[in-house]
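**Q** Numbered by the working numbering, the letters in the sequence shown go through residues 3 to 352 in order.
The structure under discussion is supplied below as structure tokens; questions concerning it will follow.
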Amino acid sequence: FWLKLVASRWESHVFSRGLLNIAFVPSMRSAEPNAWRLGIRFNFWARRNRWSFCCAVALAASVPSVAGSSIAALREELAAQGQPIDDPALAYPVDESATRHPTDQPAGTFPLDNSNSKYYSPSDEESAEAQYEYDEENEEEMLDAETMATIKRRRLTRFFSTIITLIIYAVFAGVYYKNVVKYVPVRRERKQGVMSSDFEQGLFEVCDMSDHRNRDRCLYATCCYWCRAAHTWHAAGVCEYWPALFLLALASMVKWTCCIEGIIFAYFRMKTKDQLNIKTDVMNDCLVSIFCTCCAVGQEGMAIDVDRGTDEVSCCCRVSQQPVVGGQESDIILRGPMPQDEEEGQEGEE
């Protein structure tokens, strides 16, 4: 009665646990393992649910009187009080030789899934906090062979998918270079004249489908923006095609470096502007290159196509108009023959 009265007035975590430990001193010394197990269970209730302190202490107060008796006497007393015996250890005697844990297992240890242990109870499994603490302490042990095999399969799948993607992209980049970049004239000197404030083409002009030429430009800038950007930088004379592609591929593999790919696009955007005699704006160029990469690549590509005389680079991998060489654009160097020149040469030989 005294324990019930104090527990109803005090809802302190430490105080109630102390009362329970005092109440279970006879149980700890008892030879009956089920009394010790019941004490662990009541102690767990008191730690996890403050509302049930009174109930836990009241039940604990009755345990010392029967802790030294046999387990059969405990079952009879519970049955006489009309309480259901839902504890497997109370309903059926426990064979200590079949258990894998010693009888002196310390309180507060809650195996997650060990139905063979006499210390296992449904209340332990229902506690998410207890499971979380157990997971942290035994994280390495929980990674069994099946889990490790799953992790290895995922890593191998990710590795081979990356390799296959790079191979496909390398093949496309080679075809694009052979059919387009090889025949695009390269500017080696800076364009002369009055400096412009920005590109003549708008940032989102590449998305304007009213012009049929923008359809292919939009596809290149969206789906193949690496090749289109490397083509633009190559034609502007700021970076060769293959080194530019290698740099972009390397930057995409660095997952823990923030905005490294956007910084590369911003740097070459400013270099391209300088070649076209356009005023650079560091803040605007960085923001556009990081947050609107595809639109920025399309805008630069349209400006370079107009400057180089290539009216359109159509899909898939074709230059639709021969560049104009000579006159005011005498600083342009033509890289390789155009497809039209090859056909005319073959007809002349015939």
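Note that the Cβ used here is the ideal one computed from N, Cα and C, for glycine as well.
Since we're looking at a predicted model, the values are computed, not measured.
1. Can you check DSSP and say which residues form a bridge with S198?
2. Could you tell me if F206 is buried or exposed, where buried requires 16 or more neighbouring beta carbons within 10 angstroms of its beta carbon?
3. Would you call the stretch 224–234 and the stretch 172–192 in contact, with 3 or more CB pairs under 8 Å?
4. Mark T167 as exposed unless 16 or more other C-beta atoms lie within 10 angstroms of its C-beta, in which case mark it buried.
5. Assuming the contact rule is C-beta atoms closer than 8 Å, T274 and T234 should be a hit. Round their C-beta distance to whole Å, please.
6. Please report how far the alpha carbon of S199 lies from the alpha carbon of H236, in whole angstroms.
7. Can you grab the Cα-Cα spacing for the pair R2 / G311, in whole Å?
8. Indicate the three-state DSSP secondary structure (helix, strand or coil) for V182 in the structure shown.
9. Does the Cβ-Cβ distance between A268 and C288 come in under 8 Å?
10. Express the C-alpha separation of D283 and F201 in angstroms, rounding to a whole number.
11. Does DSSP classify V188 as helix, strand or coil?
12. For C317 and D213, which I take to be in contact (beta-carbon distance under 8 Å), what is that distance rounded to the nearest angstrom?
13. Can you list, in chain order, the residues of its chain whose CB lies under 6 Å from that of K193, leaving out five sequence neighbours each side?
14. Using three-state DSSP, classify M211 as helix, strand or coil.
15. Which residue from A82, A253, E78 and Y243 puts its Cα closest to that of G176?
16. Hey, could you find the ends of the alpha helix (DSSP H) L303 is sitting in?
17. Taking just the CA atoms, how far does I265 sit from A253?
18. Going by the beta-carbon positions, is the gap between V208 and G300 smaller than 8 Å?
19. Would V308 and Y222 qualify as a contact pair, given that the criterion is a beta-carbon distance under 8 Å?
20. Comparing alpha-carbon positions, which option in Q203, F174, R155 and M255 lies nearest E302?
21. Give me the Cα-Cα distance between K154 and I169, rounded to the nearest whole angstrom.
22. Inspect the beta-carbon positions of V196 and G239 and report whether they are closer than 8 Å.
23. Measure the CB-CB distance between E263 and L247 and report whether it falls below 8 Å.
24. Roughly how many whole angstroms lie between the Cα atoms of R190 and F162?
25. How big is the Cα-Cα spacing for V173 and P245?
26. Would you call A151 buried or exposed, if buried means 16 or more other Cβ atoms sit within 10 Å of its Cβ?
27. Determine the direct distance from the alpha carbon of A82 to that of G41, and round the result to whole angstroms.
28. Suppose the cutoff is 8 Å on Cβ atoms and the five residues either side in sequence are ignored; what does the same chain contact list for T149 look like?
29. Flag this pair as yes or no: are the beta carbons of Y178 and C296 separated by less than 8 Å?
30. Please classify V240: does DSSP put it in a helix, a strand, or coil?
31. Between I292 and C261, which are expected to be in contact by the criterion C-beta below 8 Å, what is the C-beta distance as a whole number of angstroms?
32. Taking the C-alpha atoms as reference points, what is the distance between A298 and D210?
33. Can you tell me the Cα-Cα spacing of T164 and L158, whole angstroms?
**A** Taking the geometry as given:
1. DSSP output for S198 lists I280 as bridge partner(s).
2. Classified as exposed, F206 has fewer than 16 neighbouring CB atoms from the shown chains inside 10 Å of its CB.
3. A contact exists between the stretch 224–234 and the stretch 172–192.
4. Exposed is the call here.
5. The Cβ separation is near 7 Å, so the contact holds.
6. Taking the straight line joining both Cα atoms gives about 23 Å.
7. Within the shown structure, residues of the chain are numbered from 3 to 352, placing residue 2 beyond reach of any answer.
8. Reduced to three states, the DSSP call for V182 is coil.
9. A contact, by the Cβ cut-off of 8 Å.
10. Between the alpha carbons of F201 and D283 lies a gap of roughly 12 Å.
11. Of the three classes helix, strand and coil, the one that applies to V188 here is strand, per DSSP.
12. With a Cβ gap of about 15 Å, C317 and D213 do not count as contacting.
13. Apart from sequence neighbours up to five positions away, the residues of its chain that approach K193 with a beta-carbon distance below 6 Å are L278 and N279, ordered along the chain.
14. Three-state DSSP puts M211 in coil, outside helix and strand.
15. Comparing Cα positions, the closest option is Y243.
16. Note that residue 303 is Gly in the sequence shown, not Leu. Where G303 is concerned, the enclosing alpha helix (DSSP H) stretches over T295 to R310.
17. I265 has its alpha-carbon roughly 10 Å from the corresponding atom of A253.
18. Taking a C-beta distance under 8 Å as the contact criterion, V208 and G300 qualify as a contact pair.
19. Taking 8 Å as the Cβ cut-off, V308 and Y222 do not qualify as a contacting pair.
20. Answer by Cα proximity: Q203.
21. Approximately 23 Å between the Cα atoms of the pair.
22. The beta carbons of V196 and G239 sit no closer together than 8 Å.
23. Judged by their CB atoms, E263 and L247 are not nearer to each other than the 8 Å cut-off.
24. Near 40 Å, if we compare the C-alpha coordinates of F162 and R190.
25. CA-to-CA, the gap between V173 and P245 works out to about 16 Å.
26. It is exposed - the Cβ of A151 has fewer than 16 other Cβ atoms within 10 Å.
27. With a pLDDT of 49 at G41, under the threshold of 50, the predicted position of this residue should be treated as unreliable, and no value is reported.
28. Around T149: no qualifying Cβ.
29. Between Y178 and C296, the CB-CB gap reaches or exceeds 8 Å.
30. Secondary structure at V240: coil, using DSSP grouped into helix, strand and coil.
31. About 5 Å; that satisfies the 8 Å criterion.
32. Cα to Cα, the separation comes out at about 14 Å.
33. So the two alpha carbons sit approximately 10 Å from each other.
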